[in-house]
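A.B. asks: Please read through the structure below; I'll follow up with questions.
This is the structure:
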């Protein structure tokens, strides 16, 4: 299986619906970015052994939460967390754990996105 | 057990040596910060159920790596990762996983700190 | 008075209306964050002597402005600034003072939020 | 020609329409910021020899893209890029070039703004 | 008094020694940056009415602390704080106040710089 | 020519000496990161048409300067700028151009690194 196939495969496990939306939106303006996301981010990196998909998604939402100005990407990967089997409780707990390292504002922003994702999936915490 | 005791307990599990160093350095200039680290960061947050200590340390090094200008804190928590049972391989893999979200520079900085921590503990990857 | 009471007391002085909104929005998804905001951010930190509430709010809006991606939190604390007696002129002046340290974009973003807050309170500068 | 005149002149070359909007929005709340943008950012800095206007706009969109939480300013300067003669292809290529240094999320955010700017100018890439 | 004179005047009040060091280091490689620091940062911005020099330095160290990777500039302005009459206690308190907004790591970094500045001035807190 | 070969080729044009140092330092701890830098950052991205190598290095140092905590990477790419034919004057001018977008501190940090790079190459500006 080549990098592109491996990447598509993994992105579909993480968030198939979001993948479609992002790829469609990039199709006309910058299709090469889609290709790099699939080949590099998912085909090279997510495909590596050494961490479970659940660990990878935990690390991903932490990275996005801390970076800030990433609500679109958080939406994708909060769904991704749930899709690979993390519980809503583990997601919220990860956000809370970041408070001492990054402060309340970034965490509150992430919680707002989590709330929208949970609502869209009819999840109550 | 009160918040302070709970916090001391947990910080000792994560990195007892570093705890001593940080607390000593703060003793004269800002001892209240030590207290907040123990009571709030460790006594309130680390003490929560919902994530294992290994998950918490994985999230912590991700947060520090992404934030940047945190090499002192990364030294503490890369040691913390090893102390709570994460493998050097999982640590390196976590750094690599962040490349697509944050780019190479922050990851290379974290790898440099990891190298120093591993060397100080006679670990070869 | 315990930490929670002290915190509620202080948050009410800073921005009672915003407090309600934030706490309500966190009630179902992450009520513990509300508790930490009250107990730690306000009960421990704001309650300390050593700086006036006006100085604290000046420092707070600077921190939020510089951090970026904090428009919700800036709305709360620009109102907070006015509630503890800072003048609109001092607020604008604080934003302007940050230009050499952080550049124009973050300052322009903060001014946009300030404009909305001032309008909602029928303030003309 | 004084700094203010030089600045107005240059901002008009970069993005006359946006200049009007920004200046109007600042007129009542913080007119001095408009003056500093004109005198310092454009009259002092853009007016310097040593880089072409095209190089300056390339550097500007990179700075804004990397900083994050700058979609308003990116809108101004993506238009500015086109106004000083950079091609849509060069703009997209600049965004793509930043992926290894800053990761995908900031680049995807910038591409979203570029898409809006290109659409508003009936540009197809 | 022109902008340059006004700026020199104000920078001397804030930190005359540091001013010399910075200006000397820029003299051969980028003397124009010295000029902009004097004319714009100090001659235009610090010279404005509306905030006291003490308020300006409080805002400045907050901005630098939050931004990160600014230990050189923090050294200048922690000295500046003391030179314009802020007490060591107010400086430490400002750092502590930022914990809920930015987390512990940036605050600990600033405290380390404060410790060096206080030691160099034989100040004990 | 495959991605790895293309990447090695390009990195050698940008900064052969630095490449060696980085790759050697990663060899034992995380050799896969070297591979990704060569294959993805240089083999995929730098190898693209659409921008000249000079434009790419201009964009790179801007990205690094704005991000902060990147002095090691700035050392590599300030050398890279010179290696692909940018002049010291263009480098300094790029730093100066960023002042209005990011403020003085990040620019002063970059100038400090530039000074070291220029000195090591016996360049006087």
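Chains as they are written, first to last, in the numbering used here: chain A, 72 to 196; chain B, 72 to 196; chain C, 72 to 196; chain D, 72 to 196; chain E, 72 to 196; chain F, 72 to 196. Glycine residues also receive a C-beta, built at the ideal position from the N, C-alpha and C atoms. Note that the structure is a prediction, hence the values are computed from the model and not measured.
Three-state secondary structure (DSSP) at residue 168 (chain E)?
C.D. replies: Three-state DSSP puts residue 168 (chain E) in a helix.
A.B. asks: Classify residue 174 (chain A) as helix, strand or coil using the three-state DSSP reduction.
C.D. replies: It is coil, neither helix nor strand.
A.B. asks: Does the segment 146–166 of chain A come close enough to the segment 148–165 of chain E that 3 or more CB-CB pairs lie under 8 Å?
C.D. replies: No, the segment 148–165 of chain E does not touch the segment 146–166 of chain A.
A.B. asks: Would you decide whether residue 164 (chain E) is buried or exposed? Buried here means 16 or more other CB atoms lie within 10 Å of its CB.
C.D. replies: Buried, since its Cβ has 16 or more Cβ neighbours within 10 Å.
A.B. asks: With a cut-off of 9 Å, does the C-beta of residue 176 (chain C) fall near any C-beta of chain F?
C.D. replies: Cβ-Cβ to chain F under 9 Å: yes for residue 176 (chain C).
A.B. asks: What residues from chain A crowd round residue 111 (chain F), counting only those whose CB sits closer than 8 Å?
C.D. replies: Residues of chain A passing the Cβ test: 107, 111 and 115.
A.B. asks: Just mark residue 177 (chain B) as buried or exposed, buried being the case when its beta carbon has 16 or more other beta carbons within 10 Å.
C.D. replies: Flag for residue 177 (chain B) reads buried.
A.B. asks: Measuring only between beta-carbons, confirm whether residue 147 (chain D) sits less than 9 Å from chain A.
C.D. replies: Not one chain A Cβ lies under 9 Å of residue 147 (chain D).
A.B. asks: Is residue 82 (chain C) near residue 107 (chain C), with beta carbons less than 9 Å apart?
C.D. replies: Going by C-beta atoms, residue 82 (chain C) is not nearer than 9 Å to residue 107 (chain C).
A.B. asks: What is the C-beta distance between residue 89 (chain D) and residue 136 (chain D), in whole angstroms, given that I count them as a contact (C-beta under 8 Å)?
C.D. replies: Actually they are not in contact, since the Cβ atoms of residue 89 (chain D) and residue 136 (chain D) sit about 17 Å apart, beyond 8 Å.
A.B. asks: How is residue 102 (chain E) classed by DSSP in three states: helix, strand or coil?
C.D. replies: The answer is helix: DSSP assigns residue 102 (chain E) an H, G or I state.
A.B. asks: What three-state label does DSSP hand residue 194 (chain E) in the structure shown?
C.D. replies: Looking at residue 194 (chain E) - three-state DSSP - the assignment turns out to be coil, as it is neither helix nor strand.
A.B. asks: Taking only beta carbons into account, state which residues of the segment 89–104 of chain C come closer than 8 Å to chain A, listed in chain order.
C.D. replies: If the cut-off is 8 Å between Cβ atoms, the segment 89–104 of chain C has 93, 96, 97, 99, 100, 101, 103 and 104 near chain A.
A.B. asks: So what's residue 139 (chain C) in DSSP terms, helix, strand or just coil?
C.D. replies: Here residue 139 (chain C) sits in coil by DSSP.
A.B. asks: Under a three-way DSSP split, which group does residue 73 (chain E) fall into?
C.D. replies: Coil at residue 73 (chain E), not helix or strand.
A.B. asks: Please compile the residues from chain I whose C-beta is within a distance smaller than 8 Å of the C-beta of residue 135 (chain A).
C.D. replies: In the structure shown, chain I does not exist; the protein chains are A, B, C, D, E and F.
A.B. asks: Note down the Cα distance separating residue 113 (chain F) from residue 99 (chain E), rounded to an integer number of angstroms.
C.D. replies: The alpha-carbon atoms of residue 113 (chain F) and residue 99 (chain E) are separated by roughly 34 Å.
A.B. asks: At the level of alpha carbons, what is the spacing between residue 184 (chain A) and residue 123 (chain A)?
C.D. replies: Roughly 24 Å separates the two Cα atoms.
A.B. asks: Among F:126, F:131 and F:196, which residue has its Cα nearest to the Cα of residue 169 (chain D)?
C.D. replies: Ranking the options by Cα distance to residue 169 (chain D), first place goes to F:131.
A.B. asks: Just to confirm before moving on: does the CB-CB distance between residue 167 (chain A) and residue 103 (chain C) stay below 9 Å?
C.D. replies: Closer than 9 Å, so yes.
A.B. asks: What does the alpha-carbon distance come out to for the pair residue 187 (chain D) and residue 158 (chain D)?
C.D. replies: The straight-line gap from Cα to Cα measures roughly 16 Å.
A.B. asks: At 8 Å on the CB atoms, spell out the chain F contacts of residue 173 (chain C), in chain order.
C.D. replies: 173 and 174, listed in chain order.
A.B. asks: Residue 160 (chain D) and residue 139 (chain C) - do their beta-carbons sit closer together than 9 Å?
C.D. replies: Contact flag unset, no.
A.B. asks: Report all residues from its chain with a CB closer than 6 Å to the CB of residue 173 (chain B); omit the five preceding and five following residues, and keep chain order.
C.D. replies: 137, listed in sequence order.
A.B. asks: Should residue 129 (chain A) and residue 144 (chain B) be called a contact, given that it needs their Cβ atoms to be closer than 9 Å?
C.D. replies: In this structure, residue 144 (chain B) does not lie closer than 9 Å to residue 129 (chain A) by Cβ.
A.B. asks: Under 9 Å, Cβ to Cβ, is there at least one residue of chain D near residue 132 (chain B)?
C.D. replies: So no, residue 132 (chain B) is outside the interface.
A.B. asks: Which word fits residue 87 (chain E), buried or exposed, when buried means at least 16 other C-beta atoms lie within 10 angstroms of its C-beta?
C.D. replies: With fewer than 16 other Cβ atoms within 10 Å, it is exposed.
A.B. asks: Given that residue 121 (chain B) touches chain F, what residues does it touch there, using C-beta distances under 9 Å?
C.D. replies: Within chain F, no residue comes near residue 121 (chain B); the closest Cβ sits about 31 Å away, beyond 9 Å.
A.B. asks: So, at 8 Å on beta carbons, what are the nonlocal neighbours of residue 72 (chain A) in its own chain, with the 5 sequence-adjacent residues on each side left out?
C.D. replies: Here the set comprises 80.
A.B. asks: Compute the distance between the beta-carbons of residue 111 (chain B) and residue 115 (chain C), then report whether it is under 9 Å.
C.D. replies: A contact, by the Cβ cut-off of 9 Å.
A.B. asks: Give the secondary structure of residue 122 (chain E) by DSSP, where H, G and I count as helix, E and B as strand, and everything else as coil.
C.D. replies: It is coil, neither helix nor strand.
A.B. asks: Within its chain, find whatever has a CB closer than 8 Å to the CB of residue 75 (chain C); leave out the 5 residues flanking it on each side and keep chain order.
C.D. replies: Same-chain partners within the cutoff: 106, 109, 110 and 114.
A.B. asks: Below 8 Å on C-beta distance, what does residue 127 (chain B) contact in chain A?
C.D. replies: Within chain A, the residues near residue 127 (chain B) are 168.
A.B. asks: Grouping DSSP H, G and I as helix and E and B as strand, with all else coil, what is residue 184 (chain C)?
C.D. replies: Correct three-state label for residue 184 (chain C): helix.
A.B. asks: Would you mind stating whether residue 93 (chain B) and residue 179 (chain E) have Cβ atoms separated by less than 9 Å?
C.D. replies: Cβ distance < 9 Å, so residue 93 (chain B) and residue 179 (chain E) count as in contact.
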